[in-house]
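These notes concern the structure reproduced below.
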Amino acid sequence: MQLNKNSKLYWFLQRAYFPALIVGLPAAAWLAIQNNVHFAVATYAGVAAAGLLYFVFERLMPYRPHWNQLDGDLSNDLISGTVAYGILPKILSPLYIAFLAGGTAWLASLAGGSLWPSDWPIAAQVVLLMLAGDAGRYWGHRLAHEVPFLWRFHAVHHSATRLWFWNATRQHPVDKAWFTFTELLVPTLMGVHGEVLGLYLIATAVCGFAQHCNVDLKLGPLYWLFNVVELHRWHHSKKIEESDNNYGNNLIVYDRIFGTYFHPENNGDNRGVGEIGLLNPDYPKNYLGQLAAPFKKGSDKPADYQAQP
Ligand SMILES: [Zn+2]
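In our numbering, the protein residues as written are 48 to 356.
Written as structure tokens, this is what we have:
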């Protein structure tokens, strides 16, 4: 069932959906934590609610209806998401925090206490965490496009030929490890706390799903802040001059600062992204094939995957 595109409800949902989720889901989780729900449970519930809502709205308001059709990559996406976002973070996050503990303590001793402002209102701490996380992750992602060795692994994420919310989780484990390290680097050194991380993860899920979702959303002025929906669709373009842009994890702030902001709609060009994915027609579609792809000879040449048109 699809909603009537000409209805007032459709118009309203296009604009209200993302703001409602990015504020509402972390707020609901915080309320639950205040009522003695463990922050890990509240975090998982918030992320699951976000996923369910995107799944439903991809059917109610599809941006491109044919992107809702299966193309043989469902099992790959499900396995990849489970490994990269279910199993790996449980192993990597404690390792990174332990690895960075010396630096965190050293910075705290220099500053005469933790650099993290834990006395700030919780919403302000989540915003600060978004800024701190994106500071490292922007460069982690940009280097994954510009350093041939890193591109080998990041190409897996760009292999999707249609966008749907779950594509956010399609990542090679090495790529995921690199991205998590660059994202956690600044916040961990500042000494961020677990509950703030939990709310941030919900907001990150809302943004990550919004980057890849097949929902016909309108962000308007929120494109000044968030790197989602049409901005990230350009990042998946087959044309390298379009996709080597918009690197932010949640925010578009650093792309605007460092000159990689790409948004043709801002200049009245509303054609939308063309073909997405990699140019290499032989790139494997199954999980094991994509796990092995970065180790194949010659796979460090971006031109093999994303040649100029
Ligand atoms: Zn990328």
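By construction, the Cβ of each residue, glycine as well, lies at the ideal position given by its N, Cα and C atoms.
Exercise. Kindly examine ligand 1 and report whether one of its heavy atoms sits closer than 7 Å to the Cβ of H113.
Key: Distances taken from the Cβ of H113 to the heavy atoms of ligand 1 include none shorter than 7 Å.
Quiz item: Which value, in whole angstroms, describes the spacing of the CA atoms of F256 and R111?
Solution: Rounded to the nearest angstrom, the two C-alpha atoms are 16 Å apart.
Quiz item: Any heavy atom of ligand 3 within a distance shorter than 7 Å of the CB on H205?
Solution: The model on display carries ligand 1 but not ligand 3.
Quiz item: Is H188 near ligand 1, going by C-beta to nearest heavy atom under 7 Å?
Solution: Because some heavy atom of ligand 1 lies under 7 Å away, the Cβ of H188 counts as near it: yes.
Exercise. Say yes only if the C-beta of A191 is nearer than 7 Å to one or more non-hydrogen atoms of ligand 1, and no if none qualify.
Key: A191 Cβ: within cutoff of ligand 1.
Quiz item: Under a Cβ-count criterion, where at least 16 other Cβ atoms within 10 Å of its own Cβ denotes burial, should S206 be classed as buried or exposed?
Solution: The residue in question, S206, is buried, as its Cβ has 16 or more Cβ neighbours within 10 Å.
Quiz item: In three-state terms, what does DSSP make of V262?
Solution: Correct three-state label for V262: strand.
Quiz item: Straight-line CA distance for T229 to L248?
Solution: Their backbone Cα atoms lie some 15 Å apart in a straight line.
Quiz item: Is DSSP giving F273 helix, strand or coil here?
Solution: In the structure shown, F273 sits in a strand (DSSP, three-state: E or B).
Exercise. Answer with buried or exposed for N82, where buried requires no fewer than 16 other C-beta atoms within 10 angstroms of its C-beta.
Key: N82 counts as exposed, since fewer than 16 other C-beta atoms from the protein chains shown sit within 10 angstroms of its C-beta.
Quiz item: For S161, which three-state DSSP category applies?
Solution: The three-state reading of DSSP puts S161 in coil, since its state is none of H, G, I, E or B.
Quiz item: So what's P141 in DSSP terms, helix, strand or just coil?
Solution: Here DSSP, grouped into helix, strand and coil, assigns P141 to helix.
Exercise. Spatial neighbours of Y57 within its chain, please: CB distance less than 7 Å, with the 5 preceding and 5 following residues excluded, ordered by chain position.
Key: Short of 7 Å from the beta carbon of Y57, and not among the five residues preceding or following it, lie these beta carbons of its own chain, in chain order: L50, N51 and M108.
Quiz item: Where are the alpha helix (DSSP H) runs, 4 residues long or more, that stay fully inside the stretch 172-218, in chain order?
Solution: DSSP runs (the alpha helix (DSSP H)) wholly in the stretch 172-218: 195-201.
Quiz item: Fully enclosed by the stretch 65-143, which alpha helix (DSSP H) runs are 4 residues long or longer?
Solution: Given a length threshold of 4 residues, each whole run of the alpha helix (DSSP H) inside the stretch 65-143 is given here in chain order: 86-107 and 121-128.
Quiz prompt | Candidates L326, V300 and K223: closest to V130 by CA position | solution = Closest option to V130, Cα to Cα, is K223.
Quiz prompt | Secondary structure of I323, DSSP reduced to three states | solution = Residue state, collapsed to three classes: strand.
Quiz item: On the three-state DSSP scale, how would you describe L50?
Solution: The answer is coil: DSSP assigns L50 none of H, G, I, E or B.
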